[in-house]
Structure formats: C-alpha cells, structure tokens
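See structure below.
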Amino acid sequence: MRRYSRLVVCLLITAAACAEAAFFMRLRGSGSRQIEAIGGRPIYRTTARINGTPASLHVFGFGSAAGDVTDELRRLWQLPAPAKQGPAWLTRVRGTRTSHLLILPGVRLGDSTVWLIEPQGGGTLRRGAAIPEPPAVNPYPAGELQSWIVNDQTRSLFILYHTPEAPAAALARVTTTLSADGWQTQTSSDTLAMLARDGRAALACATTCAATGQTRLSVFLQGAAARP
C-alpha cells in the first residue's frame with residue numbers, strides 16, 4: 040500500500056497541474072534563473088509531451104506557501120491579482136516563444152512547487168486548441184478530454200477528463216476499459232480505483248467540481264504510453 044500511496048500523491052499533484060488555471064497572462068524576464076533567484080530549489084527536470092507538443096518540464100521547490108510565491112512573482116513581474124482562488128497558471132511570452140509557470144501547493148503544509156513548462160523547438164502550447172488522442176488506450180472515450188501529459192523518461196501517462204456522469208459511473212467505465220486492456224483491479228470505491236498490470240500501477244480518481252457540478256476524472260497509467 041505504501042507504493043500506491045506514493046502514486047496517489049503523484050496523481051493528485053498532477054491533477055492540480057491540469058486543473059483550470061486561476062489566471063493566464065504575460066510575464067517579462069527569463070524562466071528558470073529568475074525562479075531560482077527568488078528561492079526556488081531545482082527538484083526535477085525531464086522532457087515531456089503535453090497534448091502532443093514536446094516540452095521540457097522543470098520543477099522547483101519553495102519553502103513558502105503557494106499564495107506567497109504567487110504574490111512574489113506578481114510583484115516581480117507587476118501582474119494583477121488572480122480573478123479567483125486556485126492553482127496559478129502564468130504565461131511568459133518572449134518574441135515567438137511562449138513558456139508557462141504553474142504554482143502549486145507542496146506535499147507539506149507551507150511548501151509549494153513551481154512547474155516551468157517550455158515547448159521545445161519553438162513550439163507553443165495553445166489553450167483551447169484541439170487535443171489529440173492520448174498515446175495509449177483511451178480509458179474513458181465517453182469523457183471530454185481536457186489534457187494529457189507523458190513523462191518521456193518513464194512513459195507514465197496522466198489524462199484529465201470532464202464528464203456529466205456521476206463519479207462512480209465514470210470510474211466503472213474506466214475500470215471496464217482498462218480491464219479489457221489487461222489491467223486488474225486491486226481496490227476501488229465510488230471515487231478511486233487502483234489497478235495493476237505487469238508490475239505497474241494505474242489509478243483513476245473521480246471528483247465533483249463544485250463550480251460546474253461536473254465530474255473531473257483523473258487517470259494515471261504507469262509506463263503505459265507509446266514511445267513517440
């Protein structure tokens with residue numbers, strides 16, 4: 040169960056990263072150097088595919104709460120206050136290049152993380168653009184696909200959906216689809232399902248979004264993505 044607990048934490052953090060952004064605006068200045076200059080500690084760096092676009096992903100840790108880090112970035116780049124509470128998504132535009140910053144709560148109270156996402160090769164991550172099918176069996180084709188992320192090193196895949204279906208019904212569809220693909224259910228409830236296949240784990244988590252009343256479904260598949 041300890042292994043599954045770590046995966047649950049990973050799923051929840053990634054789900055926050057794909058949630059609706061609190062705000063989306065332009066920044067001035069550099070990326071990783073400025074984050075480090077205000078106290079960010081490099082934690083993790085990898086290449087990824089986000090909705091099909093190759094990107095580099097840098098994660099920085101802060102010993103301050105997410106709201107405080109967001110306020111510091113706002114002061115640094117003279118940004119207005121966010122329109123609503125939630126994970127802060129900032130966009131920095133420099134000429135033809137666009138990069139993104141995500142400020143999220145950390146796993147410990149009072150900590151936070153900043154995710155720097157930079158499309159490779161001059162590409163862009165366009166909000167509202169059509170999202171291609173994820174590079175694996177789509178576990179919930181009935182849902183409205185919101186976003187997916189693949190870690191190029193581990194081939195682990197995270198997918199986020201919205202659906203009007205109740206959480207329990209959405210999870211039942213997911214487990215049925217994954218079972219047909221060889222995943223075996225280890226444990227499940229009305230909001231969470233854990234599965235395994237060939238020593239790898241899969242998680243599906245369904246929650247109701249208070250703002251819209253829709254179900255937000257997050258699926259994490261360890262090592263399941265096809266290579267590019």
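If you're matching positions, the sequence shown starts at 40 in the working numbering and goes up one per residue.
Ideal placement from N, C-alpha and C gives every residue a C-beta, glycine not left out.
All of these numbers come straight from a predicted model, not from anything done at the bench.
Report, in whole angstroms, the separation of the C-beta atoms of residue i and residue j, which I expect to be a contact under 8 Å.
{"i": "Leu196", "j": "Pro174", "result": "7 Å"}
{"i": "Arg216", "j": "Pro158", "result": "Checking the displayed sequence, the identity of residue 216 turns out to be Thr instead of Arg. Thr216 to Pro158, Cβ: 30 Å. No contact."}
{"i": "Thr202", "j": "Leu256", "result": "6 Å"}
{"i": "Glu183", "j": "Thr254", "result": "So it is not a contact: roughly 10 Å between Cβ atoms."}
{"i": "Asp220", "j": "Val258", "result": "No, Asp220 and Val258 are not in contact; Cβ-Cβ is about 12 Å, not under 8 Å."}
{"i": "Ile82", "j": "Leu115", "result": "Going by Cβ atoms, the distance from Ile82 to Leu115 rounds to 20 Å, so no, they are not a contact pair."}
Quick check: what's the CA-CA separation for residue i versus residue j?
{"i": "Glu111", "j": "Asp237", "result": "45 Å"}
{"i": "Ala264", "j": "Asn190", "result": "9 Å"}
{"i": "Leu143", "j": "Val98", "result": "10 Å"}
{"i": "Leu96", "j": "Ala245", "result": "26 Å"}
{"i": "Ile89", "j": "Thr152", "result": "19 Å"}
{"i": "Asp207", "j": "Gly252", "result": "It should be pointed out that residue 207 corresponds to Ala in this sequence rather than to Asp. Going from the Cα of Ala207 to the Cα of Gly252 covers about 14 Å."}
{"i": "Ile188", "j": "Ser218", "result": "22 Å"}
{"i": "Arg194", "j": "Pro171", "result": "17 Å"}
{"i": "Val213", "j": "Ala181", "result": "10 Å"}
Only counting the same chain, and skipping five residues up and downstream in sequence, which positions put a Cβ closer than 8 Å to that of residue i?
{"i": "Ala235", "result": "Trp222, Gln223, Gln225 and Ala241"}
{"i": "Asp150", "result": "Gly100, Phe101, Gly102, Ser103, Ala104 and Pro144"}
{"i": "Glu75", "result": "Pro81 and Phe99"}
Suppose the cutoff is 6 Å on Cβ atoms and the five residues either side in sequence are ignored; what does the same chain contact list for residue i look like?
{"i": "Leu210", "result": "Ala232, Ala243 and Ala245"}
{"i": "Thr86", "result": "Ser95 and Asp191"}
{"i": "Ser227", "result": "none"}
{"i": "Arg239", "result": "Gln261 and Gly262"}
Nearest by alpha-carbon distance to residue i: which of the options is it?
{"i": "Gln73", "options": "Val108, Gln192 and Glu204", "result": "Val108"}
{"i": "Gly79", "options": "Gly102, His201, Ala181 and Leu256", "result": "Gly102"}
{"i": "Leu148", "options": "Thr92, Gly106, Ile156 and Gly91", "result": "Gly106"}
{"i": "Ser71", "options": "Gly91, Thr92 and Trp154", "result": "Trp154"}
{"i": "Pro267", "options": "Pro180, Pro93, Ile82 and Ile77", "result": "Pro93"}
{"i": "Ala169", "options": "Gln185, Ser138 and Asp229", "result": "Gln185"}
{"i": "Arg84", "options": "Ile156, Pro171 and Arg212", "result": "Ile156"}
{"i": "Cys248", "options": "Thr230, Arg239 and Gly262", "result": "Thr230"}
Shorter than 7 Å, the distance from the beta carbon of residue i to the closest heavy atom of the ligand FMN, or not?
{"i": "Leu112", "result": "Absence of the ligand FMN from the depicted structure is noted, as is the absence of any ligand whatsoever, leaving it without description."}
Within its chain, find whatever has a CB closer than 7 Å to the CB of residue i; leave out the 5 residues flanking it on each side and keep chain order.
{"i": "Gly91", "result": "Pro171"}
Tell me the start and end of each unbroken beta strand (DSSP E) in the region 160-221 that is at least 3 residues and wholly inside, in chain order. Residue ranges of uninterrupted beta strand (DSSP E) with 3 or more members, entirely inside the region 160-221 and ordered along the chain, are 183-190 and 196-202.
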